[in-house]
Structure formats: structure tokens, C-alpha cells
Amino acid sequence: MEKKPHFVRREFLPREVPSISLALLLAAVLLLNAFLYLYLNKFYSSLGRVETEPGLCPFGHFKFGAVKNCSPWLSCEAINREVRKLKCVGEGAVKKVFLSEWKEKKVVLSQLTNSELKEDFLHGLRMLKGLQSKHVVRLLGYCEQQFTILTEYHPLGSLRGLNETLHIPKYKGMNTWHRRLMLAIDYVSVIRYLHSSPLGTLVMCDSNDLDKVLSQYLLTSDFHVVVNDLDALPLVNRSAGRLVKCGHRELRGEFVAPEQRWPYGEDVPFEDDLMPPYDEKTDIWKIPDVSNFFLGHVEGSDIVRLHLFDIHAACKKKDPAERPSAQEVLDTYRRF
Ligand SMILES: Nc1ncnc2c1ncn2[C@@H]1O[C@H](COP(=O)(O)OP(=O)(O)O)[C@@H](O)[C@H]1O
Ligand SMILES: *[C@@H]1O[C@H](CO)[C@@H](O)[C@H](O)[C@H]1NC(C)=O
Ligand SMILES: *[C@@H]1O[C@H](CO)[C@@H](O)[C@H](O)[C@H]1NC(C)=O
Ligand SMILES: [Mg+2]
């Protein structure tokens with residue numbers, strides 16, 4: 001009789017031990033999972049884009065940061081009530097740009113500065129609304145009556161500051177030919193998107209010199225490029241024979257495409273009505289200069305330049321029709 005419990009216990013013990021350790025193991029795995037989940041979640045929200053692709057929200061809505069739900073764009077009332085201006089972080093011809101706070105998050109409030117440029121401002125807003133995607137700065141709200149736009153804040157600022165950004169210790173590791181080529185790929189992806197956008201073929205007209213181009217794009221914290229300023233973005237409609245002109249003034253210099261310059265020589269004074277219109281291939285002409293800026297002068301960037309020589313030469317064809325499309329440029333960049 002005494003044997004039985006003993007026997008039972010002996011049989012019982014080796015079974016219980018593995019079931020206890022199994023339970024412990026399971027608990028450990030679950031705990032590890034929970035940690036990984038929390039960690040990855042934090043990691044992704046610090047990247048900011050993975051979870052918060054604007055495409056995931058229906059039109060008129062946004063989400064960003066760690067917030068899971070889509071919220072409707074902020075209205076005039078919500079902006080006036082909930083957004084607090086902190087300081088001016090930028091100014092262009094059309095807007096003054098304020099770093100601001102909304103629900104303890106950093107956001108950007110842009111305000112029209114020159115009432116003569118209302119139309120440009122409203123066009124930019126219309127484009128921002130219609131082009132929300134990974135290529136375009138995230139719209140959080142707007143107030144047409146007060147000419148204000150609320151967007152996501154990008155602390156690294158415009159691409160104009162790329163050189164300086166790449167020299168601060170935290171980002172030195174990003175200063176490689178590979179990262180720099182990725183930025184060029186991003187930039188051409190934006191152009192490709194604008195040239196075949198949901199609103200039609202759009203030309204990035206705010207681009208008469210390199211500095212101007214760079215100031216219209218922002219560098220995200222995870223080192224991607226988004227376009228921010230869409231005020232000067234006219235529509236080409238080939239089937240309707242509709243072409244564009246970037247402004248009404250004479251353009252000069254090597255940066256702008258040849259077809260953007262006055263064609264009738266110094267003896268004929270410039271007259272806007274006589275200036276022939278053109279199409280989106282002006283953006284293609286500018287790609288090699290912008291890409292050269294991105295590539296900079298680091299180890300390996302000259303090799304990349306060499307590989308891109310032919311496609312860049314094609315972008316600089318005098319005849320716009322002979323230049324490649326943004327898609328073709330992008331394909332060549334990606335093949336590298
Ligand atoms: N969301 C943003 N985050 C950080 N900086 C910004 C943001 N929006 C604008 N800026 C800064 O303000 C500058 C001017 O903004 P922009 O929209 O181009 O105004 P404008 O239409 O007057 O040219 C940009 O070049 C950039 O340096
Ligand atoms: C281009 O023009 C045609 C003819 O006028 C029109 O039907 C079409 O909607 C236009 N496309 C865009 C993108 O505006
Ligand atoms: C950035 O640095 C490159 C050299 O690496 C220089 O040629 C270029 O002019 C600089 N651009 C700006 C906008 O500071
Ligand atoms: Mg601008």
C-alpha cells in the first residue's frame with residue numbers, strides 16, 4: 001500500500017516537472033513577445049511612416065505618431081482652439097511657417113504672408129488635399145478663411161539643410177553614397193508621382209534654382225523625402241493640348257530648362273504673351289543637378305555619378321521630347 005503512492009508520485013513527478021517548465025517557458029515566450037511587440041511598435045512609430053501611411057486613412061482624415069485612429073482634418077474652430085504657435089521656423093514667398101503644438105504634439109502652422117498670393121496659397125492647399133500619399137507632407141487641417149494650413153512637423157527641415165544635417169554627429173552614419181542615392185531615388189519618386197498624379201500631370205514650377213527646389217521638400221526623421229510646398233504646381237493636359245508656364249516673368253540661367261528661357265534673343269524684349277508654354281519635361285532637365293547635390297562628395301559618390309552618366313545626359317537633351325520620363329529615370333536609379 002505504501003508503494004503505490006510512492007510509485008504514483010514517482011510517476012507524477014517527472015510529468016509535473018516538464019509541465020511546470022513548459023508553463024514557465026510559455027510565459028517567457030509570451031513575455032518576450034510582448035516586449036518585442038512593444039519595442040517594435042515604438043520603433044515603427046519613431047519611423048513614423050510605416051504605421052501612419054496616410055493612404056490608410058479615408059479622404060479628409062489623418063493619423064500620425066503613435067495614435068492608431070484616423071481623425072478628421074482640423075477645422076478653423078479646432079485650429080483656433082487647440083493649436084498653439086511656438087516659433088517661426090521658416091518663411092518663403094507665400095507662407096510664414098510656425099512650429100506649433102497640438103495635443104502635446106509638434107505640428108506646423110503655415111500662414112499666408114502676402115494677400116496678393118491668395119490664389120497660390122489656395123492652389124497649394126487644394127494640391128495638398130488631393131495628393132496626400134507617402135510622397136507628400138501630411139495634412140492635419142486647414143482654415144481657408146484665415147489662410148492657415150496645419151501639417152506634420154519635420155525637425156530636420158527642408159533639403160536645403162541636408163549638408164548641415166549630415167554633419168551633425170547623430171546623422172554622420174547617414175553620410176554614405178548609398179543613403180545619398182536613396183534620397184535621389186526618393187526625390188525622383190516624388191517627381192514621378194507628380195507627373196502621374198491622381199490630379200493629372202503636375203509640373204513643379206517652384207524650381208528656378210537649386211536652393212529654391214530644395215526648400216520645397218522636407219527631410220523626414222527616417223531620412224526620406226516628402227514634397228511640402230505645392231503652391232506652384234500647374235497642370236499639363238496633353239490630350240487637351242494644355243501646356244504650362246512657370247510664372248509670367250523671364251527666366252534665365254542654366255538651371256532652368258532651355259524651353260523655359262526667352263527664345264527670341266536679346267534684341268526682342270521679353271513679353272509673357274509671346275513666351276511659348278512647355279510641359280513637365282522641365283522637371284526632368286533639373287533632375288541631374290538635384291541628384292548631384294544629393295550625391296555630394298563622399299566615398300563612392302563619383303562611382304554612382306559615373307553609372308548615372310548616360311541617364312543624366314538624356315535628361316539634359318535640348319529637345320524636351322527626347323528626355324526620359326521620371327519613371328524611366330527612376331527605373332535606372334533603382335537598377336544601380
Ligand atoms: N512641416 C514642416 N516641418 C519643418 N519645416 C517646415 C515645414 N514646412 C515648412 N517648413 C520650412 O519653412 C520653409 C518655407 O515653407 P514653404 O511651404 O515652402 O513656404 P512658401 O510657400 O512661402 O515657400 C521650408 O523651406 C522649410 O524650411
Ligand atoms: C484633360 O482634358 C480633357 C479634354 O478637355 C478632359 O476631358 C480631361 O478631364 C482633362 N484631364 C485632366 C486630368 O484634367
Ligand atoms: C553641400 O556640400 C557640397 C559639398 O559636399 C557643396 O558642393 C554644396 O555647394 C553644398 N550645398 C549647399 C546647399 O550647402
Ligand atoms: Mg516654398
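Residues in the sequence shown are numbered from 1 upward in steps of one, following the UniProt record's numbering.
All C-beta atoms, glycine included, are put in the ideal place defined by N, C-alpha and C.
Computed from a predicted structure; not experimentally measured.
Item, Value
"Beta-carbon proximity list for Leu214, same chain, < 8 Å, skipping 5 on both sides", "Ser158, Leu159, Arg160, Leu162, Val290 and Phe293"
"Sufficient close CB pairs (3 or more, under 8 Å) joining the region 327 to 334 to the region 303 to 316", "yes"
"Arg84 - partner residues in DSSP beta bridges", "Glu101"
"Per-residue DSSP class, three states only, for residue 338", "Residue 338 falls outside the range modelled here, since the chain spans only 1 to 336, and no answer is possible."
"Coarse secondary structure for Glu11, derived from DSSP in three states", "Residue confidence for Glu11 is low, a pLDDT of 42 falling below 50, so the modelled location carries little weight and cannot support an answer."
"Heavy atom of ligand 2 within 8 Å of Ser239 beta-carbon", "yes"
"Host beta strand (DSSP E) of Ile149 (start-end)", "Thr148 to Glu152"
"Backbone CA spacing between Glu254 and Val225 [nearest angstrom]", "25 Å"
"C-alpha distance - Val136 paired with Tyr193, whole-angstrom precision", "10 Å"
"Classification of Glu280 by the beta-carbon crowding that lies within 10 angstroms, buried from 16 upward", "buried"
"CA-to-CA distance, Leu26 to residue 380, given in whole angstroms", "Missing from the structure shown is residue 380; the chain here goes from 1 to 336 and no further."
"Rounded separation between Leu218 and Leu24 - CA only", "49 Å"
"Inter-residue CB distance, Met127 and Leu233 (contact presumed, cutoff 8 Å)", "5 Å"
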